[in-house]
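In the numbering used here, the protein residues as written are 33 to 642.
Take a look at the structure below.
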């Protein structure tokens, strides 16, 4: 068993450390909560040093760990206790409050909950006064939910003598028996649910609506990934801290906040550097991820096709590679020369090499995907139909609009990134002309470069399109910021010069008063509800005007023996005149080049371009 004192020992005298180490040799009777000797030493050393000191005692009365903190907090490490994390651990913690009473704080109770301690006791340490002690025990009362304090029973204040003679150990043993019985009867549930605090930096001293909107979007992303959001926290800073992004003091504050709330994850709104992520994990002891990792996780959940899975894996590996770390120089590749030969590659270097090899293989596979898409586009061009691509912010209603216009039956949910894989369907426009309508992955603010690079093959559907339909969520409070983000990415993809039809969707969610003002402001654009179908006729008219379809007008002599040709002119062209003669039908029609090629042998005289 260890005899080492843990925690912050800087500034302590060797004699004080030795006195704390002697506590490991002291024994507490099985029916005692704490012995007189242990209580006296904790009080005395804490008074001398003005430090919080904590001891852990197991059910056998042995002290299994001792930790020293500063004058306000002490780190309570994970002590090996009972194997079932839903049961009491079999270990109790007794710690001091220098310069204060023994009243249990929210941090004390949350630490007790997170470690499943039998009990949490705090000793008030004030000069010239006898110690007062408060003890928190878990409650097995049915329906003990809600606030943190409702889950515990706090006893005290005790004097030293009253605490030593108390029957608290009997209460603990009885509580444990009740928990054991309840545990046997309980239905097994998942013991690990991710609960997160969201962190962001507000770089402007004045109110920055974009920072708040970005945090709201981060909360949506977290919920989409299946994470419970406990708190959103924006820190005003002129610039992020180079080492920890939010500063060392704020990191300590968040650590205590996470302990009180029961959070096991912190999500940052901006991409962290590998060093920042490591430093934050060291400072908080919690799992740290950023917006990029969160979006990658959502993409991994949503990818269905082989192409989508390849793209997600490539983005994840590019993100992971710089974050692989070793323990100092021990995990670095050894150089050449005398005295450096021996172990060869370390596990870290092997992992890096394998990831680089996998990235190379994925790039080759995605290059094949790109060529395959090019072949599909070439085959489409052989039957020349214009391509119209839906683009826009994630969850703006692109998939719902595709379903409304083409009955595509693709997944459409009120979630961010509900669909990743592009879908292409034929769409008939007014005048009987046809186009190919394709849906693409949604855009988002701060879209990670890993994703832009990995989804290049998918985004080429936008690059190759003849016309873009920019779908905007009219009901979103950050509508204009979302529009700006989409246009910025279109510029990055070098397609901003293509014909773009701006479509304001979800008008069914907007009040008439606000809607009328927006219609005046964006008078040249289209307003629709993809859900109800309102306004889609105007959208089809706008697409028909925008698509670069070359139209021809001609007169055709169709024999009665080939009524299929007459049907083609009626179905695929716009018939402006028709006359039934004894041997044939004389039809004048406006049609596209593809339809003209199918009935060219019946043309009369020639055709004129329109």
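Built from N, CA and C at the ideal position, the CB exists for glycine as well.
Requested in this report: Take residue 616 and list the residues in its own chain whose beta-carbon comes closer than 7 Å to its own, dropping the five residues that flank it on each side.
Outcome: Residue 616 sits at position 584 when you count from the first residue of the chain shown. Cβ within range, chain order: 589, 590, 591, 592.
Requested in this report: Name the residue from 60, 303, 308 whose alpha carbon lies nearest to the alpha carbon of residue 201.
Outcome: Reading the chain shown from its first residue, position 169 is the one you call residue 201. Nearest option by C-alpha distance: 60.
Query - Contact set for residue 238: own chain, Cβ-Cβ below 6 Å, skip 5 residues either direction - result: Locating residue 238 in the chain shown gives position 206, counting from the first residue. Confidence in residue 238 is poor, its pLDDT being 48 and thus under 50, which makes the residue's placement too unreliable to answer from.
Query raised in the report: How big is the Cα-Cα spacing for residue 272 and residue 233?
Result: If you number the chain shown from 1, residue 272 lands on position 240. If you number the chain shown from 1, residue 233 lands on position 201. For residue 272 and residue 233, the distance between alpha carbons rounds to 7 Å.
Query raised in the report: Per DSSP, what kind of secondary structure is residue 45 in: helix, strand or coil?
Result: Within the chain shown, residue 45 is the residue found at index 13, counting from 1. Note: residue 45 maps to coil in three-state DSSP.
Query raised in the report: Quick one: what does DSSP say residue 38 is sitting in, helix, strand or coil?
Result: Position 6 of the chain shown, counting from 1, holds the residue named residue 38. Note: residue 38 maps to strand in three-state DSSP.
Report task. Return the bridge partner residues of residue 268 from the DSSP annotation. Result -> For the purposes of this step, residue 268 is taken as residue 236 along the chain shown, with counting starting at 1. Beta-bridge pairing links residue 268 to 234.
Query raised in the report: So what's residue 145 in DSSP terms, helix, strand or just coil?
Result: As a position in the chain shown, residue 145 is number 113, starting the count at 1. Three-state result, residue 145: helix.
Query - Neighbour-count burial assignment, residue 495, 16 or more Cβ in a 10 Å radius - result: Taking the chain shown and counting its residues from 1, the one referred to as residue 495 is at position 463. So residue 495 ends up on the exposed side.
Query raised in the report: In angstroms, rounded to a whole number, what distance separates the CA positions of residue 97 and residue 56?
Result: Position 65 of the chain shown, counted from the start, is the residue given in the question as residue 97. Position 24 of the chain shown, counted from the start, is the residue given in the question as residue 56. Spanning the two alpha carbons is a distance of roughly 8 Å.
Report task. Go to residue 190, then tell me how far its beta strand (DSSP E) extends in each direction, as first and last residue. Result -> Numbered from 1 along the chain shown, position 158 holds the residue referred to as residue 190. 184–190 is the span of the beta strand (DSSP E), which, as asked, contains residue 190.
**Report entry** Alpha carbon of residue 251 to alpha carbon of residue 305, nearest angstrom
**Finding:** By 1-based counting over the chain shown, the position of residue 251 is 219. By 1-based counting over the chain shown, the position of residue 305 is 273. Going from the Cα of residue 251 to the Cα of residue 305 covers about 21 Å.
Report task. Quick one: residues in its chain with C-beta nearer than 6 Å to the C-beta of residue 479, no 5 flanking neighbours on either side, listed in chain order? Result -> Counting from one through the chain shown, the residue named residue 479 turns up at place 447. For residue 479, where only same-chain residues beyond five positions count, there are no Cβ hits under 6 Å.
Query - Proximal residues to residue 189 (C-beta, below 7 Å), its chain only, five neighbours per side dropped - result: Position 157 of the chain shown holds residue 189. Contacts found: 134, 164, 165, 166.
Query raised in the report: Counting along the chain, where does the alpha helix (DSSP H) carrying residue 606 start and finish?
Result: Position 574 of the chain shown, counted from the first residue, corresponds to residue 606. Per DSSP, residue 606 belongs to no alpha helix (DSSP H); it is in the beta strand (DSSP E), 606–612.
Report task. May I ask you to list the residues that DSSP assigns as paired with residue 75? Result -> Stepping through the chain shown from its first residue, residue 75 is reached at position 43. Answer is none; residue 75 lacks a bridge partner.
Query - Separation of residue 508 from residue 532, as counted between CA atoms - result: Position 500 of the chain shown, counting from 1, holds the residue named residue 532. Position 476 of the chain shown, counting from 1, holds the residue named residue 508. The alpha-carbon atoms of residue 532 and residue 508 are separated by roughly 21 Å.
**Report entry** Proximal residues to residue 368 (C-beta, below 8 Å), its chain only, five neighbours per side dropped
**Finding:** Here residue 368 is taken as the residue at index 336 of the chain shown, counted from 1. Because the pLDDT of residue 368 is 42, which lies under 50, any placement of that residue in the model is unreliable, and the number read from its coordinates should be weighed accordingly. Cβ neighbours of residue 368 beyond the five flanking positions: none.
Requested in this report: Flag this pair as touching only if the region 557–574 and the region 591–605 have three or more C-beta atom pairs under 8 Å; answer yes or no.
Outcome: no
**Report entry** Supposed contact pair residue 608 and residue 622 - C-beta distance, whole angstroms, cut 8 Å
**Finding:** Position 590 of the chain shown, counted from the first residue, corresponds to residue 622. Position 576 of the chain shown, counted from the first residue, corresponds to residue 608. Correct: roughly 6 Å between the Cβ atoms.
Query raised in the report: Can you list, in chain order, the residues of its chain whose CB lies under 6 Å from that of residue 130, leaving out five sequence neighbours each side?
Result: Sequence index remark: in the chain shown, residue 130 carries index 98 (1-based). Counting only Cβ-Cβ distances below 6 Å, and skipping sequence neighbours, we find 78, 82, 103, 157.
Query raised in the report: Closest by CA to residue 120, which one among 149, 253, 92?
Result: Stepping through the chain shown from its first residue, residue 120 is reached at position 88. The shortest C-alpha separation from residue 120 is found at 149.
Requested in this report: Would you check if the distance between the CB atom of residue 91 and the CB atom of residue 145 is smaller than 8 Å?
Outcome: The residue given as residue 91 occupies position 59 in the chain shown. The residue given as residue 145 occupies position 113 in the chain shown. Contact flag unset, no.
Query raised in the report: From residue 249 to residue 321, what distance separates their C-alpha atoms?
Result: Working through the chain shown from its first residue, we reach residue 249 at position 217. Working through the chain shown from its first residue, we reach residue 321 at position 289. Roughly 16 Å between the two C-alpha positions.
**Report entry** residue 424 to residue 302 span [Cα, whole Å]
**Finding:** Taking the chain shown and counting its residues from 1, the one referred to as residue 424 is at position 392. Taking the chain shown and counting its residues from 1, the one referred to as residue 302 is at position 270. Those two C-alpha atoms are separated by around 21 Å.
Query raised in the report: Since residue 528 and residue 519 are thought to touch, with beta carbons under 8 Å apart, how far apart are those beta carbons, to the nearest angstrom?
Result: Taking the chain shown and counting its residues from 1, the one referred to as residue 528 is at position 496. Taking the chain shown and counting its residues from 1, the one referred to as residue 519 is at position 487. Indeed, because the Cβ distance is near 7 Å, the residues count as touching under 8 Å.
Requested in this report: Report yes if the C-beta distance between residue 297 and residue 228 is below 8 Å; otherwise report no.
Outcome: Indexing the chain shown from 1 puts residue 297 at position 265. Indexing the chain shown from 1 puts residue 228 at position 196. Yes, they are a contact pair.
Query raised in the report: Can you name the residues that DSSP bridges to residue 508?
Result: Stepping through the chain shown from its first residue, residue 508 is reached at position 476. None, per the DSSP bridge assignment.
Query raised in the report: With DSSP run on the structure shown, which of helix, strand or coil describes residue 162?
Result: The residue you call residue 162 lines up with position 130 of the chain shown. Coil at residue 162, not helix or strand.
Query raised in the report: Under 8 Å between the Cβ atoms of residue 351 and residue 308?
Result: In the chain shown, residue 351 corresponds to position 319, counting from 1. In the chain shown, residue 308 corresponds to position 276, counting from 1. No, they are not a contact pair.
**Report entry** Any C-beta of chain D under 8 Å from that of residue 51
**Finding:** The structure shown has no chain D; it contains just one protein chain.
Query raised in the report: Straight-line CA distance for residue 324 to residue 344?
Result: Taking the chain shown and counting its residues from 1, one reaches residue 324 at position 292. Taking the chain shown and counting its residues from 1, one reaches residue 344 at position 312. So the two alpha carbons sit approximately 12 Å from each other.
Requested in this report: Return the bridge partner residues of residue 455 from the DSSP annotation.
Outcome: As a first step, residue 455 is located in the chain shown; it is residue number 423 there, counting from the start. BP columns for residue 455 point to 471.
**Report entry** Range of the contiguous beta strand (DSSP E) that encloses residue 126
**Finding:** Sequence index remark: in the chain shown, residue 126 carries index 94 (1-based). Unbroken beta strand (DSSP E) run through residue 126: 123–130.
**Report entry** Inter-residue CB distance, residue 517 and residue 554 (contact presumed, cutoff 8 Å)
**Finding:** Counting from one through the chain shown, the residue named residue 517 turns up at place 485. Counting from one through the chain shown, the residue named residue 554 turns up at place 522. About 17 Å; that fails the 8 Å criterion.
Requested in this report: Measure the beta-carbon distance from residue 470 to residue 421 and round it to whole angstroms, keeping in mind my assumption that it falls under 8 Å.
Outcome: Here residue 470 is taken as the residue at index 438 of the chain shown, counted from 1. Here residue 421 is taken as the residue at index 389 of the chain shown, counted from 1. With a Cβ gap of about 5 Å, residue 470 and residue 421 count as contacting.
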